[in-house]
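Read the sequence shown against the working numbering and you will find it ends at 740, with the numbers running on by one and no gaps.
Ideal Cβ positions, reconstructed from N, Cα and C, are used throughout, including at glycine.
If you're wondering where the values come from, they're calculated on a predicted model, not measured in any experiment.
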Amino acid sequence: MKPCYAKFNPHEFLECHVGDAVNVLKSIKENFTWLPDEVFELAFYSLVLHDVGKCSGFQDGPRKWSYRHEILSVPFVQFLSIDERGRNLIALAILTHHKFLKEIDPYLPRIPDTPPFMDFEDKVQELENFEEYIENHFLPKVEALEEYFFGKRFGRLKLPENWLERLTDFNFQKLIDWYEENLGRERTLMTLLKGLVNACDHLASAGETGILLLPSIEDRLFAFLPQEYLRPVQREAWNAEGNLLLRAPTGYGKTEAALLWADRNSIKRKKKITSRIFYILPYKASINAMHRRLLSIFHDPSLIGVLHSSYSFYLYSSALEYRRLSSLYRKIYTPLKVTTPFQVMKAFFGVGFHEMLKTELTGSLLIFDEIHAHEPNVFGIILAILGQLDGLKAKALVMTATLPDFLEELIKETIHPGEVKVPPEEADKFTRHRIRIIDGSMDRIEEIIDKLPKPVLVACNTVDRAIETYTKLKNLGLRVLLLHSRFTHGDREEKERLVIEHMNEFDAVVATQVVEVSLDVSFATIVTEPAPLDALIQRFGRVNRRGFGKPVDVYVLTRGSEGDKKVYKPYSVVQRTVKILESLDDEVLWESKVPKLVSDAYRGVARELRKKIEKYRGMAEEVFESVKPMQIGESEERFYEMFEGFEAVPSVYQGKVQELLDKGLGIEVYRYLVPVPLWLFMSQREQFHHLSSRGPGKHIIVVELEYSPELGLLREHVEEGEIL
Numbered sequence: 017m018k019p020c021y022a023k024f025n026p027h028e029f030l031e032c033h034v035g036d037a038v039n040v041l042k043s044i045k046e047n048f049t050w051l052p053d054e055v056f057e058l059a060f061y062s063l064v065l066h067d068v069g070k071c072s073g074f075q076d077g078p079r080k081w082s083y084r085h086e087i088l089s090v091p092f093v094q095f096l097s098i099d100e101r102g103r104n105l106i107a108l109a110i111l112t113h114h115k116f117l118k119e120i121d122p123y124l125p126r127i128p129d130t131p132p133f134m135d136f137e138d139k140v141q142e143l144e145n146f147e148e149y150i151e152n153h154f155l156p157k158v159e160a161l162e163e164y165f166f167g168k169r170f171g172r173l174k175l176p177e178n179w180l181e182r183l184t185d186f187n188f189q190k191l192i193d194w195y196e197e198n199l200g201r202e203r204t205l206m207t208l209l210k211g212l213v214n215a216c217d218h219l220a221s222a223g224e225t226g227i228l229l230l231p232s233i234e235d236r237l238f239a240f241l242p243q244e245y246l247r248p249v250q251r252e253a254w255n256a257e258g259n260l261l262l263r264a265p266t267g268y269g270k271t272e273a274a275l276l277w278a279d280r281n282s283i284k285r286k287k288k289i290t291s292r293i294f295y296i297l298p299y300k301a302s303i304n305a306m307h308r309r310l311l312s313i314f315h316d317p318s319l320i321g322v323l324h325s326s327y328s329f330y331l332y333s334s335a336l337e338y339r340r341l342s343s344l345y346r347k348i349y350t351p352l353k354v355t356t357p358f359q360v361m362k363a364f365f366g367v368g369f370h371e372m373l374k375t376e377l378t379g380s381l382l383i384f385d386e387i388h389a390h391e392p393n394v395f396g397i398i399l400a401i402l403g404q405l406d407g408l409k410a411k412a413l414v415m416t417a418t419l420p421d422f423l424e425e426l427i428k429e430t431i432h433p434g435e436v437k438v439p440p441e442e443a444d445k446f447t448r449h450r451i452r453i454i455d456g457s458m459d460r461i462e463e464i465i466d467k468l469p470k471p472v473l474v475a476c477n478t479v480d481r482a483i484e485t486y487t488k489l490k491n492l493g494l495r496v497l498l499l500h501s502r503f504t505h506g507d508r509e510e511k512e513r514l515v516i517e518h519m520n521e522f523d524a525v526v527a528t529q530v531v532e533v534s535l536d537v538s539f540a541t542i543v544t545e546p547a548p549l550d551a552l553i554q555r556f557g558r559v560n561r562r563g564f565g566k567p568v569d570v571y572v573l574t575r576g577s578e579g580d581k582k583v584y585k586p587y588s589v590v591q592r593t594v595k596i597l598e599s600l601d602d603e604v605l606w607e608s609k610v611p612k613l614v615s616d617a618y619r620g621v622a623r624e625l626r627k628k629i630e631k632y633r634g635m636a637e638e639v640f641e642s643v644k645p646m647q648i649g650e651s652e653e654r655f656y657e658m659f660e661g662f663e664a665v666p667s668v669y670q671g672k673v674q675e676l677l678d679k680g681l682g683i684e685v686y687r688y689l690v691p692v693p694l695w696l697f698m699s700q701r702e703q704f705h706h707l708s709s710r711g712p713g714k715h716i717i718v719v720e721l722e723y724s725p726e727l728g729l730l731r732e733h734v735e736e737g738e739i740l
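In structure tokens form, the structure reads like this:
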């Protein structure tokens, strides 16, 4: 008897892979109790049969064979003692467990005497070589798996004597027609079924036989934060059930409050949390910091996932088991994930294995932190996602330190949350700053800087202004460091390390908005260009960060540069912010007053911004409605254009990058990538090209603009010089 392998390198027998996949399914069934029993029964038989088509020429090597094994697996569903609806759902799950319907459609044997049909007939004959294996070895194990999974042998899979002949009778066209006719009523079940089949297949292929559960949050948290030290808002969040809106000052302990809310609202099994938790933050820097913080609580990196556009490099540079973890973090395996909203959006835009993510989101707990930081288009999409919570049996906690009233109203209208706010007298204990207004712009920095305590944070609104200001201060003989978004990731990482470890060795750090999120440091003071009040509050948070002693002076200029109007739209929010702060000149910025002040700054544009957000929300809801299970999202390409960003290698490093690729060190290329804003790409399009026309280099873009580790990517073209 010839054995049959499901995997090569290393080899794994078909029955072993199926057994592992069923093990994963059993683990999910025991813990995801909010999913319907029916979907687990359908998923069980889908997994039993999903790879049986590999008992064919596939055994000579998948690349040599070059046929879709799932097409050979599908016809076996006709031998299941299940009603026609169930068989069709199982057949569709098997057919799409690697490719979406649109992708596999050209290979389907619909019409006799056509190339796809004749190819199918030839491949069916190959199964005859493994007839003994299928009938006498594989099939008997199915009943044993039934007993293991259901607690009872049903014997639902029986092969007739002429099973080989009957395989070619299977009507694929009828199956596709059934899908189209029943998509409306079966949408949810199809989504969950495909999500489970993909999740179990992928985890089994990765060598896992179950999902992980999060230990009791209370036990872990109270090990270093005794209950008696909980702040009122943390205690309220711990006792709150259902959706929640939480407002508290920076540094108040919102993370602990969020974890306690999650503990209260989770479903548990033997004290372990079965609900999946998504901790959603707007920036990679804050995501990485939160991942490290949660690891300090839960210790095991398998329990705390991290997902963003460059998470693999973050794991690699953190000396974590990056190959295994970066794969598992994309699967249902990890119970708590720290991520960007864009990763969650993929489930609703139909991107990638969207059904698997949608299945994981079902019954989950979503924590949105720093929600005020999102642009109107992203905020609108988040609202559309929040509107889906009831259908997913999910709950959300929305947290913020600075949220204008009109945004708060939109959230309340969408999820009808309970509310937890810090009482004014409690909030004022976190007051840390006194407002000082300086009439003028950053052009005055040379006369201002000498009078200020060091180190001073000099916050600019644009990269060009930051470079100009840095150059002026350096020419004064000051010890200055420049930090903005147009450095390579490697250089920016090094600069952030210098600031964190050696900040007192600098007189000034000149930075753009990146400082609002990326640095957990405390400067002696700040001089900042004017910006929306909520953004300024974030910048002030880098001064007197721990709130010790008296309030510290923070300096706000009354004028920015012309480029600011492209950064902050509508710019009237900035103008209104300046007026508000001028009225507070020389006064302490009481923390209890901040929410009202932020709302006042947006008062003149609230209606306009609300209308804009609702437009994006409506557009997102239309896209969500158009996404079909087992189909690739029509908007996948558009999604990546909108959200994934654009990065390029400065031409000075293209030789080094090619060398890394040649050595198989592609992960290291990330150090040499620099984020490129869309406006710069559009204005300098001719300066961009691919590293090479084939191989991995065809996916890497090079930018022929000047770059230096000191100043970053400039607008000047590269004329000549050494290529590293």
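DSSP-derived helix/strand/coil call for residue i
i	result
residue 575	coil
residue 480	helix
residue 38	helix
residue 282	coil
residue 136	helix
residue 29	strand
residue 736	Caution is warranted here: a pLDDT of 47 is assigned to residue 736, below 50, making its placement in the model unreliable, and no coordinate value can be reported.
residue 297	coil
residue 730	strand
residue 719	strand
residue 724	strand
residue 14	Look at the range of the chain in this structure, 17 to 740, and you will see that residue 14 is not part of it.
residue 692	coil
residue 548	coil
residue 452	strand
residue 21	strand
residue 55	helix
residue 177	coil
residue 416	strand
Residue i versus the options, residue with shortest Cα-Cα distance
i	options	result
residue 96	328, 62, 249	62
residue 90	36, 125, 77	125
residue 548	503, 610, 512	610
residue 706	693, 670, 691	670
residue 249	234, 281, 277	277
residue 149	60, 18, 129	18
residue 21	215, 76, 403	76
residue 111	177, 717, 209	209
residue 236	199, 221, 312	312
Exposure label - residue i; buried when at least 16 CB within 10 Å
i	result
residue 481	buried
residue 376	buried
residue 164	exposed
residue 53	exposed
residue 507	buried
residue 214	buried
residue 189	exposed
residue 539	buried
residue 681	exposed
residue 103	buried
Chain B within 8 angstroms of residue i, Cβ atoms only
i	result
residue 680	Structure shown: chain B not included; a single protein chain is present.
Contained beta strand (DSSP E) runs [length at least 3] in the stretch 223-275, N- to C-terminal order: 260-263
For the stretch 514-534 against the stretch 484-501, are there 3 or more C-beta pairs whose distance is under 8 angstroms? yes
Should the stretch 563-571 be called in touch with the stretch 579-592, which here means at least 3 C-beta pairs below 8 angstroms? no
Taking three-plus beta-carbon pairs below 8 angstroms as touching, is the stretch 635-646 in contact with the stretch 361-376? yes
Hey, which unbroken runs of the alpha helix (DSSP H) at 4 residues or more fall wholly within the stretch 552-609? 580-583, 588-598
Can you confirm whether the stretch 287-297 touches the stretch 350-359 when touching is taken to mean that 3 or more C-beta pairs between the two stretches lie within less than 8 angstroms? yes
Could you give the uninterrupted runs of the alpha helix (DSSP H) lying entirely in the stretch 350-377, keeping only those of 4 residues or more? 357-365, 370-377
Sufficient close CB pairs (3 or more, under 8 angstroms) joining the stretch 709-728 to the stretch 664-680: yes
Pair every Cβ in the stretch 383-393 with every Cβ in the stretch 297-304, then say whether three or more of these pairs are closer than 8 angstroms. yes
When you compare the stretch 440-453 with the stretch 588-604, are there three or more beta-carbon pairs, one atom per stretch, that lie closer than 8 angstroms? yes
Between the stretch 672-685 and the stretch 427-445, do three or more beta carbon pairs fall short of 8 angstroms? no
Given 8 angstroms as the limit, is there contact between the stretch 312-327 and the stretch 344-353, that is, 3 or more CB pairs closer than that? yes
In chain order, what are the residue ranges of uninterrupted beta strand (DSSP E) at least 3 long that sit wholly in the stretch 456-544? 472-475, 496-499, 524-527, 541-544
Segments of 3+ residues assigned as beta strand (DSSP E) that fall wholly inside the stretch 621-653: none
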